[in-house]
Amino acid sequence: MSLTSAHSVVAPSVVSKRVAGTIIVLYALISIVPLLWIFATSFKTPPDSIAYPPKILFQPSLEGYCNLFSTRTRQTPEYINSLGPATGVCDETVRKRNMVIAGPSNFMPRFVNSLIIAFGSTFCAVFLGTLSAYGFSRFKVPLADDLLFFILSTRMMPPIAVAIPIYLMYRELGLSDTALGMILLYTAVNVSLAVWLLKGFIDEIPREYEEAAMIDGYTRLQAFWRTVLPQATTGIAATAIFCLIFAWNEYAFAALLTSGTAQTAPPFIPTIIGEGGQDWPAVAAGTTIFLVPILVFTILLRKQLLRGITFGAVRK
Amino acid sequence: MAEIRVEHLRKAFGDFVAVQDSSFVVGDGEFFVMLGPSGCGKTTTLRMIAGLELPTGGKILLGGEDVTMRRARERDIAFVFQLFALYPHMNVRKNIGFPLLAQGMPGIEIRQRVEETAKLLRIDHLLNKSVSGLSGGDRQRVALGRAIVRRPKCFLMDEPLGTLDTEFRDLMVHELRELHNRIHATTVYVTHDQMEAMSMADKIAVMNHGVIEQFGTPREIYDRPATMFVADFIGSPPMNFLGFGGGLSKGASEIVVQGAKVAVPEVREDIAPADMALGIRPEHIRFDDGSKLRGAIYGTEYLGTTQIVAVETSGGIIKARVPAEIRLNPGDQVGLALSSTRLSLFEKGSGRAVRTAIHDTVIHHGASQGRAHRG
Chain D
1 MSLTSAHSVV APSVVSKRVA GTIIVLYALI SIVPLLWIFA TSFKTPPDSI AYPPKILFQP
61 SLEGYCNLFS TRTRQTPEYI NSLGPATGVC DETVRKRNMV IAGPSNFMPR FVNSLIIAFG
121 STFCAVFLGT LSAYGFSRFK VPLADDLLFF ILSTRMMPPI AVAIPIYLMY RELGLSDTAL
181 GMILLYTAVN VSLAVWLLKG FIDEIPREYE EAAMIDGYTR LQAFWRTVLP QATTGIAATA
241 IFCLIFAWNE YAFAALLTSG TAQTAPPFIP TIIGEGGQDW PAVAAGTTIF LVPILVFTIL
301 LRKQLLRGIT FGAVRK
Chain H
1 MAEIRVEHLR KAFGDFVAVQ DSSFVVGDGE FFVMLGPSGC GKTTTLRMIA GLELPTGGKI
61 LLGGEDVTMR RARERDIAFV FQLFALYPHM NVRKNIGFPL LAQGMPGIEI RQRVEETAKL
121 LRIDHLLNKS VSGLSGGDRQ RVALGRAIVR RPKCFLMDEP LGTLDTEFRD LMVHELRELH
181 NRIHATTVYV THDQMEAMSM ADKIAVMNHG VIEQFGTPRE IYDRPATMFV ADFIGSPPMN
241 FLGFGGGLSK GASEIVVQGA KVAVPEVRED IAPADMALGI RPEHIRFDDG SKLRGAIYGT
301 EYLGTTQIVA VETSGGIIKA RVPAEIRLNP GDQVGLALSS TRLSLFEKGS GRAVRTAIHD
361 TVIHHGASQG RAHRG
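As they're listed, the protein sequences go chains D and H. Per this note's numbering, the very first residue in the first sequence carries number 1; after that it's consecutive. Per this note's numbering, the very first residue in the second sequence carries number 1; after that it's consecutive.
In structure tokens, the structure reads:
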């Protein structure tokens with residue numbers, strides 16, 4: 001850096017780069033160890049999973065995944081020997097433990113519930129959020145600041161603080177243990193975040209674009225659709241990820257309001273423990289599969305996510 | 001193409017009045033420039049003509065039709081924005097064709113019209129490029145293309161050259177005027193740059209604080225400023241003012257400024273005693289040791305063909321534009337001779353110009369050819 005450019009941002013020195021790099025690597029390692037442990041456990045046998053000292057190296061097994069997707073009954077060795085040859089890997093693994101597969105477990109339906117509820121509520125929150133944010137950004141809304149603050153204020157207490165009233169209301173309205181009820185709830189929680197994030201993104205899009213389109217013969221809605229939305233995709237993607245992560249991971253409301261048909265994966269996974277012992281590999285397998293959608297989504301949209309996180313920090 | 005008639009137009013944002021009681025007519029095929037400092041109401045006026053803002057009062061007629069409260073898309077006008085507003089997610093071809101798409105024109109016809117327009121603007125080689133890679137000048141041409149492709153009733157331009165660098169700006173001023181001469185589209189052009197206004201306009205309206213201070217040809221505005229604001233805003237350096245007192249009577253052709261008698265164009269109205277100002281363009285000053293109006297050289301600014309000389313007089317600094325050859329040193333005493341037929345007189349209180357013989361000359365409206373290039 002020359003002395004003449006006193007006001008320019010000085011490039012980081014090699015030392016500071018190394019220090020920063022080391023800190024980031026350490027932090028990443030610390031964060032990833034539990035995930036790796038879960039991933040490893042999902043491929044252990046139940047005895048290996050509770051072995052002490054813990055086994056770092058082990059013979060991988062699909063038992064956790066088999067147990068996750070099935071329900072099993074214990075049988076006598078005589079009965080098992082009387083059966084024909086095993087029909088698959090899982091059948092074989094289970095028979096070694098003197099059990100036979102009785103049917104599929106509830107994991108798949110719960111996982112599908114999670115997908116429907118998380119993506120459904122994300123879509124609703126982003127849809128409503130985009131329209132409201134556009135309205136707040138472009139029109140003179142009476143008491144706009146107060147309304148925006150009110151929307152933000154819904155995030156100021158932990159949502160679970162209103163769990164009891166919502167539980168009672170849902171019971172009255174027949175929304176308990178329904179996918180619709182969960183979608184509405186997660187949408188309500190996420191829409192404030194969506195409005196605020198998206199308003200920032202839409203504010204950055206000059207209104208000249210819509211004005212040009214409206215002068216050129218388009219209605220406001222057409223102008224919004226053709227000129228604003230395509231330019232807001234980054235913001236919409238970032239907002240969608242935040243909403244999705246919340247709805248996907250949410251545990252407390254799901255545990256409280258869903259128990260049967262609409263139960264999501266987070267409250268389901270712990271219930272695996274107890275169905276015939278502490279089956280840690282099955283729990284770990286459930287968790288591993290549960291992580292996949294978010295992982296894929298985040299990797300696909302990582303650029304937008306980064307932009308969303310640093311939003312406001314970097315102005316053009 | 002159509003005539004634009006604006007009648008008693010007014011726009012208030014709460015207590016702030018952005019435009020008050022503006023009235024003017026832009027003739028069919030005229031290039032009209034609204035000129036003024038930022039915040040003078042010129043852009044607001046333009047946006048009301050476009051339909052992007054609704055007026056608080058008054059009327060707007062396009063081609064004789066009252067469009068005051070109509071939506072922008074129902075007015076059949078085109079708008080060129082300062083920041084071009086080219087859609088970054090579309091290439092040049094799609095940007096230019098976008099207004100035609102709104103009309104539901106078939107694809108083949110759009111293609112044809114877009115290519116014609118691109119040829120006219122000499123950007124046909126850029127049609128399949130992304131707009132983000134274009135230079136400022138080319139972006140401007142694409143924005144113009146999007147405006148003319150639809151053949152609207154009139155063009156509205158909001159400081160379209162404001163973001164270009166000087167070199168490009170001069171080029172685009174020339175191109176815009178040339179384009180106008182070819183297609184004769186009624187154009188309303190907003191700018192704060194007097195050079196742009198003077199070199200392109202058929203008619204100029206100079207605005208300040210929401211009021212049109214003067215409406216006329218560039219020549220009228222430069223030679224016969226209607227108010228002190230116009231005299232000060234137009235010209236570089238602007239008109240000099242020398243204060244003097246006392247009234248004026250009809251027929252007078254001499255005033256006394258700083259103890260010196262100065263011949264002025266014959267006064268055509270009676271003015272009660274008040275604070276007055278004599279307005280002198282820098283190029284209407286000569287150095288003449290015989291003159292009673294004296295001052296000391298304060299500084300010079302060498303411009304090559306001419307030089308701007310600041311002279312300190314008892315009434316303040318006066319700037320004169322004199323030939324570059326004259327050698328001057330700071331502190332030298334000089335006499336100032338003024339071109340008596342070109343001077344303006346103003347009432348200081350209202351800023352209004354006093355009617356004199358300079359207002360007698362025939363007014364040539366629409367005279368845009370053959371004007372000398374100032375600068």
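Here a beta-carbon is modelled for each residue, glycine too, at the ideal position from N, C-alpha and C.
Residue from the options with nearest C-alpha to residue i
i	options	result
ALA147 of chain H	H:GLY216, H:ARG122, H:PHE81 and H:ALA263	H:PHE81
PHE352 of chain H	H:ASN208, H:GLY137, H:PRO225 and H:VAL190	Rather than Phe, the amino acid found at residue 352 of chain H in this sequence is Arg. Of H:ASN208, H:GLY137, H:PRO225 and H:VAL190, the residue nearest in Cα terms is H:PRO225.
GLY200 of chain D	D:ILE236, D:LEU300 and D:THR298	D:ILE236
LEU9 of chain H	H:ILE49, H:GLY36, H:LEU35 and H:GLY29	H:ILE49
ILE183 of chain H	H:ASP232, H:ALA143, H:LEU328 and H:LEU121	H:LEU121
ALA231 of chain H	H:GLY304, H:VAL206, H:TYR298 and H:GLU254	H:VAL206
ALA337 of chain H	H:THR300, H:SER38, H:ILE285 and H:TYR298	H:ILE285
PHE246 of chain D	D:ASN106, D:ASP216 and D:ILE183	D:ILE183
PRO47 of chain D	D:ALA118, D:ALA285, D:PRO281 and D:VAL14	D:PRO281
TYR79 of chain D	D:MET99, D:THR298 and D:ILE289	D:MET99
ARG72 of chain D	D:ILE299, D:GLY103 and D:TYR167	D:GLY103
LYS325 of chain D	D:THR45, D:ALA265, D:TYR52 and D:PHE139	The displayed coordinates of chain D run from 1 to 316. Any statement about residue 325 of chain D would go beyond what the structure contains.
ALA179 of chain D	D:LEU57, D:LEU257, D:GLY129 and D:THR93	D:LEU257
Where the beta strand (DSSP E) containing residue i begins and where it ends
i	result
LEU345 of chain H	344-347
GLN307 of chain H	306-313
GLU301 of chain H	294-302
SER70 of chain D	70-74
ASP158 of chain H	154-158
ALA18 of chain H	16-26
CB contact check: residue i to chain H, cutoff 7 Å
i	result
GLU204 of chain D	no
PRO230 of chain D	yes
ALA252 of chain D	no
ASP145 of chain D	no
THR130 of chain D	no
GLY217 of chain D	yes
THR227 of chain D	yes
GLU63 of chain D	no
Chain D within 7 Å of residue i, Cβ atoms only
i	result
ASN141 of chain H	For clarity, residue 141 of chain H is Arg in the given sequence; the question names Asn instead. Not an interface residue.
TYR189 of chain H	no
LEU54 of chain H	no
ARG73 of chain H	yes
ALA185 of chain H	no
SER368 of chain H	Any answer about SER368 of chain H is weak, because its pLDDT of 36 lies below 50 and its placement is not dependable; what the coordinates show is given next. So no, SER368 of chain H is outside the interface.
ALA18 of chain H	no
LEU62 of chain H	no
PHE79 of chain H	yes
PRO393 of chain H	For chain H, the structure presents residues 1 to 375; residue 393 of chain H sits outside this window and is missing.
ALA50 of chain H	yes
ALA102 of chain H	yes
Separation of residue j from residue i, as counted between CA atoms
i	j	result
VAL19 of chain H	LEU197 of chain D	36 Å
SER350 of chain H	GLY335 of chain H	30 Å
HIS365 of chain H	LYS203 of chain H	Confidence in HIS365 of chain H is poor, its pLDDT being 45 and thus under 50, which makes the residue's placement unreliable; the coordinate value appears in the next sentence. Computed Cα separation, rounded: 8 Å.
PHE155 of chain H	GLN307 of chain H	39 Å
ASP146 of chain D	SER192 of chain D	13 Å
ARG281 of chain H	MET239 of chain H	5 Å
PRO218 of chain H	HIS359 of chain H	15 Å
TYR134 of chain D	ILE202 of chain D	6 Å
ALA125 of chain D	PRO206 of chain D	24 Å
PRO330 of chain H	PHE287 of chain H	14 Å
LEU250 of chain D	CYS66 of chain D	Residue identity check: residue 250 of chain D is Glu in the sequence provided, not Leu. Computed Cα separation, rounded: 26 Å.
ASP91 of chain D	ILE101 of chain D	7 Å
GLU7 of chain H	GLY64 of chain H	12 Å
ALA367 of chain H	LEU221 of chain D	Any reading at ALA367 of chain H must be qualified, since the residue scores a pLDDT of 36, below 50, and its modelled position is unreliable; the value itself is stated next. Straight-line Cα distance between these residues: approximately 45 Å.
ARG355 of chain H	PHE24 of chain H	22 Å
GLY299 of chain H	LYS140 of chain D	53 Å
Residue i, enclosing alpha helix (DSSP H) - first and last residue
i	result
MET243 of chain D	Here the sequence assigns Cys to residue 243 of chain D, which means Met is not the residue at that position. Taken as a continuous stretch (DSSP letters only), the alpha helix (DSSP H) holding CYS243 of chain D covers 229-249.
CYS124 of chain D	107-138
ILE183 of chain H	166-183
GLN59 of chain D	Neither: GLN59 of chain D is in no alpha helix (DSSP H) and is coded neither H nor E.
GLY137 of chain H	136-148
Where residue i meets chain B, residues with beta-carbon distance less than 7 Å
i	result
TYR209 of chain D	Annotation note: the requested chain B is absent from the structure, which comprises protein chains D and H.
Those runs of the alpha helix (DSSP H) which lie wholly inside the region 159-237 of chain D and span at least 4 residues: 163-173, 179-203, 208-215 and 220-223
Which full runs of the beta strand (DSSP E) of 3+ residues lie inside the region 28-107 of chain H, going along the chain? 31-35, 57-62 and 77-80
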